[in-house]
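Residues 3 to 333 in our numbering are what the sequence shown lists, from first letter to last. Ideal placement from N, C-alpha and C gives every residue a C-beta, glycine not left out. The model shown is predicted, which means the values in this text are computed figures rather than measured ones.
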Amino acid sequence: SREIRLKTRPVGLPTAANFDLVSVDLSAPGPGEVQVRNTWMTVDPYMRGRMNDVKSYTPPFQLGEVLQGGAVGEVIASNDPSLKVGDLVQSGNGWREAFNAPASTVQKLETHGLPPEAFLGVAGMPGLTAYVGLLKIAALKPGDVVFVSGAAGAVGSVVCQIAKLKGHKVIASAGGAEKVKFLKDELGVDVAIDYKATPDLTAALMAAAPEGIDVYFENVGGEHLEAALNAAAPYARFAICGMISQYNATAPVPGPRNMALIIGKNLRLEGFIVSNHWDMMPAFIKDLAEWSAAGKLKWKQTVKEGIEKAPEAFLGLFSGDNFGKMLVKLS
Ligand code: NDP
Numbered sequence: 003s004r005e006i007r008l009k010t011r012p013v014g015l016p017t018a019a020n021f022d023l024v025s026v027d028l029s030a031p032g033p034g035e036v037q038v039r040n041t042w043m044t045v046d047p048y049m050r051g052r053m054n055d056v057k058s059y060t061p062p063f064q065l066g067e068v069l070q071g072g073a074v075g076e077v078i079a080s081n082d083p084s085l086k087v088g089d090l091v092q093s094g095n096g097w098r099e100a101f102n103a104p105a106s107t108v109q110k111l112e113t114h115g116l117p118p119e120a121f122l123g124v125a126g127m128p129g130l131t132a133y134v135g136l137l138k139i140a141a142l143k144p145g146d147v148v149f150v151s152g153a154a155g156a157v158g159s160v161v162c163q164i165a166k167l168k169g170h171k172v173i174a175s176a177g178g179a180e181k182v183k184f185l186k187d188e189l190g191v192d193v194a195i196d197y198k199a200t201p202d203l204t205a206a207l208m209a210a211a212p213e214g215i216d217v218y219f220e221n222v223g224g225e226h227l228e229a230a231l232n233a234a235a236p237y238a239r240f241a242i243c244g245m246i247s248q249y250n251a252t253a254p255v256p257g258p259r260n261m262a263l264i265i266g267k268n269l270r271l272e273g274f275i276v277s278n279h280w281d282m283m284p285a286f287i288k289d290l291a292e293w294s295a296a297g298k299l300k301w302k303q304t305v306k307e308g309i310e311k312a313p314e315a316f317l318g319l320f321s322g323d324n325f326g327k328m329l330v331k332l333s
């Protein structure tokens with residue numbers, strides 16, 4: 003079985019040289035253990051932070067050790083009565099083709115009629131992030147005008163759709179003509195902004211929402227945050243979910259120059275980490291099942307095949323190589 007290990011800590015944008023592909027022998031699972039063959043693994047932006055040797059809300063990856071992350075797979079050998087061969091399971095043991103682990107550390111997957119890999123994207127952590135950020139943190143209420151950055155990605159595309167389902171005006175920002183077309187034609191957002199072709203984001207946003215934005219779902223940071231502050235309506239709420247434009251920065255980045263607007267406009271900016279809101283998962287899955295059965299939810303994924311492609315898939319997150327959820331399919 004092959005796995006990806008962290009060879010060196012990236013400085014700035016990671017490169018393929020930061021990763022090692024290693025073959026390991028797997029023994030039979032010990033007492034209480036199962037052996038799982040992963041069929042899908044996810045790469046996510048937060049993993050970049052774990053590649054730095056700093057204390058954060060998740061511990062850093064260790065040099066020379068296999069990386070970790072979400073995965074779904076199939077039990078291929080079991081030495082525990084709770085799981086049997088053929089069971090579909092979800093685990094935090096991604097970045098490897100197969101593994102042995104105590105049965106109690108993997109979760110049996112109920113697919114609710116969805117493909118298993120959906121639980122790494124729309125029906126998993128990224129989908130829940132969209133749901134929590136929009137409904138709980140930003141406290142979406144009728145009539146709100148919503149602005150979403152990173153809108154064609156895993157989290158952003160779900161934010162756009164939940165807001166449209168609930169009848170809101172949605173302004174979405176993403177990089178490139180193809181993504182903008184998808185946001186308008188397929189997700190049905192009201193205005194889509196190609197930030198890469200927009201010299202003045204504030205002007206574009208103000209033109210899109212002359213009445214101001216009431217909710218900003220922040221995935222990007224930097225100029226996007228500054229523009230959102232400029233275009234915010236009084237009492238707007240910002241769900242600060244991510245700032246991917248800064249994850250590879252090697253020096254402190256300039257802050258938005260207009261933070262004082264927070265005062266006069268009575269704004270609320272609130273960060274959140276989805277793992278502190280797992281209690282909302284049942285409500286999310288219930289809504290998701292309904293939306294999906296009614297054909298109201300679309301999801302796109304970009305798939306790289308083979309464990310050897312995992313680093314490339316991860317790096318692609320920082321160049322916008324993905325449309326919707328970036329996934330790696332394992333053979
Ligand atoms: P995405 O699927 O959105 O992939 C990342 C996207 O970010 C790319 O496709 C690219 O889209 C965009 N991007 C990359 N670099 C830049 C840049 N310099 N400027 C602007 N856009 C850029 O990833 P996720 O949906 O998984 O995550 C989206 C955000 O949500 C991230 O910031 C992530 O850290 C955060 N997050 C936070 C969680 C939490 O608990 N708070 C949980 C999950 C995610 P484009 O082509 O449009 O540039």
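Please report the distance separating the alpha-carbon of residue i from that of residue j.
{"i": "V172", "j": "K110", "result": "36 Å"}
{"i": "S277", "j": "A125", "result": "14 Å"}
{"i": "M43", "j": "L319", "result": "14 Å"}
{"i": "A234", "j": "N95", "result": "41 Å"}
{"i": "D323", "j": "D146", "result": "31 Å"}
{"i": "P201", "j": "A285", "result": "40 Å"}
{"i": "A342", "j": "L130", "result": "The chain is shown only over 3 to 333; residue 342 falls outside these bounds and no answer can be derived."}
{"i": "E76", "j": "D89", "result": "6 Å"}
{"i": "R98", "j": "P47", "result": "18 Å"}
{"i": "D55", "j": "T10", "result": "11 Å"}
{"i": "P118", "j": "T204", "result": "40 Å"}
{"i": "V26", "j": "E5", "result": "8 Å"}
{"i": "A206", "j": "A79", "result": "56 Å"}
{"i": "E307", "j": "M208", "result": "41 Å"}
Beta carbon of residue i: closer than 6 Å to some heavy atom of the ligand NDP?
{"i": "P61", "result": "no"}
{"i": "D46", "result": "yes"}
{"i": "P128", "result": "yes"}
{"i": "L15", "result": "no"}
{"i": "L319", "result": "yes"}
{"i": "G322", "result": "yes"}
{"i": "G66", "result": "no"}
{"i": "N221", "result": "yes"}
{"i": "G72", "result": "no"}
{"i": "C243", "result": "yes"}
Who does residue i pair with in a DSSP beta bridge?
{"i": "L271", "result": "F240"}
{"i": "V91", "result": "G75 and K110"}
{"i": "Q303", "result": "K327"}
{"i": "P104", "result": "E35"}
{"i": "A194", "result": "A174"}
Go to residue i, then tell me how far its beta strand (DSSP E) extends in each direction, as first and last residue.
{"i": "V172", "result": "K171 to A176"}
{"i": "V160", "result": "Looking at the DSSP string, V160 is not in any beta strand (DSSP E); the run it does join, the alpha helix (DSSP H), is A156 to L167."}
{"i": "T44", "result": "E35 to T44"}
Tell me the residue span of the alpha helix (DSSP H) that contains residue i.
{"i": "V182", "result": "A179 to D187"}
{"i": "F21", "result": "Element bounds for F21: not the alpha helix (DSSP H) but the beta strand (DSSP E), F21 to S25."}
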